[in-house]
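S.K.: Here the working numbering is used: the first residue of the sequence shown is 167, the next is one more, and so on.
Handing you a structure now.
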Amino acid sequence: MELFEQIQRKVNAALKDYAMITDGDKILIGLSGGKDSLALAEFLGERMKIFKPRFTLVAAHVSVDNVPYQSDLTYLETFCGQYGVPFVHRTTRFDTSTDARKSHCFLCSWNRRKTLFALADELGCNKIALGHHRDDMLETLLMNQIFQGTFASMPPTLTMDKFAMTIIRPLANVRERDLQLLAEQRNYRKQVKNCPYEHESNRSDVRRILETMERLNPHAASSLWNSMSHVQTQYLPPTIKKND
167 MELFEQIQRK
177 VNAALKDYAM
187 ITDGDKILIG
197 LSGGKDSLAL
207 AEFLGERMKI
217 FKPRFTLVAA
227 HVSVDNVPYQ
237 SDLTYLETFC
247 GQYGVPFVHR
257 TTRFDTSTDA
267 RKSHCFLCSW
277 NRRKTLFALA
287 DELGCNKIAL
297 GHHRDDMLET
307 LLMNQIFQGT
317 FASMPPTLTM
327 DKFAMTIIRP
337 LANVRERDLQ
347 LLAEQRNYRK
357 QVKNCPYEHE
367 SNRSDVRRIL
377 ETMERLNPHA
387 ASSLWNSMSH
397 VQTQYLPPTI
407 KKND
């Protein structure tokens with residue numbers, strides 16, 4: 167079985183296991199232009215051709231005008247057009263003076279996400295599909311434990327409390343290395359990324375920690391993933407209520 171079919175099976179399993187898509191959904195794909203979001207657009211575009219469930223797609227690329235990330239908008243629109251997916255482009259920016267306590271990466275990501283939510287609402291979408299894969303979710307789990315002292319990650323499906331919107335992550339079962347190989351096989355065009363704030367993120371360091379864990383145990387990623395659904399609270403410290 168070729169790589170595309172292998173990944174496609176994992177995507178279809180995630181769609182089914184986490185009840186990501188139902189009849190009548192209109193889904194906005196967050197298309198950054200990287201390999202993950204391109205693969206997401208391709209897999210969902212192919213899945214849309216199947217009779218059930220019936221759903222429609224729109225792909226959106228959000229540019230940040232004060233970050234030098236050069237996107238080939240013509241390529242992105244043409245790529246989406248191959249699968250019958252309309253393409254929309256929006257531009258936003260962030261101002262570090264609004265909250266000096268937050269990193270540039272956080273402010274950039276937050277403003278892009280707000281723009282996606284606003285666009286989804288404008289286009290009548292009820293779901294937003296993001297290209298986070300299994301490694302992204304495991305790295306987030308480790309980052310939250312190391313830096314925030316919380317046991318949390320990116321769930322495959324998340325219904326927002328403050329918005330009438332659901333976030334889905336159809337690549338939840340897919341490893342990044344497989345997406346990298348797929349990008350090479352499909353000849354996905356790389357976007358020019360030259361972000362001056364990348365050094366502020368700890369994600370690359372945590373990625374190396376995950377790689378070290380997998381050298382210790384080749385099944386470490388699976389163990390970490392399974393741990394999120396096998397939390398044995400009786401063997402953890404109780405929550406201590408602090409006085410006001």
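We treat Cβ as the ideally placed atom computed from N, Cα and C, and that holds for glycine.
According to DSSP, residue 227 sits in a beta bridge with which residue or residues?
M.R.: Counting from 1 along the sequence shown, the entry for residue 227 is found at position 61. Answer is 255, bridged to residue 227.
S.K.: Tell me, which residues are paired with residue 221 by DSSP?
M.R.: As a working mapping, residue 221 is identified with position 55 in the sequence shown. Answer is 191.
S.K.: CB residue 341 to CB residue 300, shorter than 7 Å?
M.R.: To locate residue 341, count along the sequence shown from 1; it is residue 175. To locate residue 300, count along the sequence shown from 1; it is residue 134. Judged by beta-carbon spacing, residue 300 lies within the 7 Å limit of residue 341, meaning their Cβ atoms are closer than that value.
S.K.: For residue 236, does the three-state DSSP call read helix, strand or coil?
M.R.: Walking along the sequence shown from the start, residue 236 turns up at place 70. Of the three classes helix, strand and coil, the one that applies to residue 236 here is strand, per DSSP.
S.K.: Using beta-carbon positions only, say whether residue 192 and residue 297 come within less than 7 Å of one another.
M.R.: Your numbering for residue 192 matches position 26 in the sequence shown. Your numbering for residue 297 matches position 131 in the sequence shown. It is not a contact, given that the beta carbons lie outside the stated cut-off.
S.K.: What's the C-alpha gap between residue 248 and residue 242?
M.R.: Locating residue 248 in the sequence shown gives position 82, where the first residue counts as 1. Locating residue 242 in the sequence shown gives position 76, where the first residue counts as 1. Computed Cα separation, rounded: 10 Å.
S.K.: Quick one: what does DSSP say residue 297 is sitting in, helix, strand or coil?
M.R.: Start at 1 with the first residue of the sequence shown, and residue 297 comes out as number 131. Coil, per DSSP.
S.K.: Within 8 Å, do at least three Cβ pairs link the region 316-325 to the region 367-384?
M.R.: no
S.K.: Let's test the definition: count the other Cβ atoms within 10 Å of the Cβ of residue 328 and tell me whether it reaches 16, buried, or not, exposed.
M.R.: Here residue 328 corresponds to residue number 162 of the sequence shown, with the count starting at 1. With fewer than 16 other Cβ atoms within 10 Å, it is exposed.
S.K.: Measure how close the beta-carbons of residue 210 and residue 227 come, nearest whole angstrom, since I'm counting them as under 8 Å.
M.R.: Position 44 of the sequence shown, counted from the start, is the residue given in the question as residue 210. Position 61 of the sequence shown, counted from the start, is the residue given in the question as residue 227. With 8 Å as the limit, residue 210 and residue 227 do not qualify as a contact, their Cβ atoms being about 15 Å apart.
S.K.: So what does DSSP say about residue 334, is it helix, strand or coil?
M.R.: Residue mapping note: residue 334 aligns to position 168 of the sequence shown, counting from 1. Note: residue 334 maps to strand in three-state DSSP.
S.K.: Would you mind stating whether residue 330 and residue 194 have Cβ atoms separated by less than 7 Å?
M.R.: Within the sequence shown, residue 330 is the residue found at index 164, counting from 1. Within the sequence shown, residue 194 is the residue found at index 28, counting from 1. No, the Cβ-Cβ distance between residue 330 and residue 194 is not below 7 Å.
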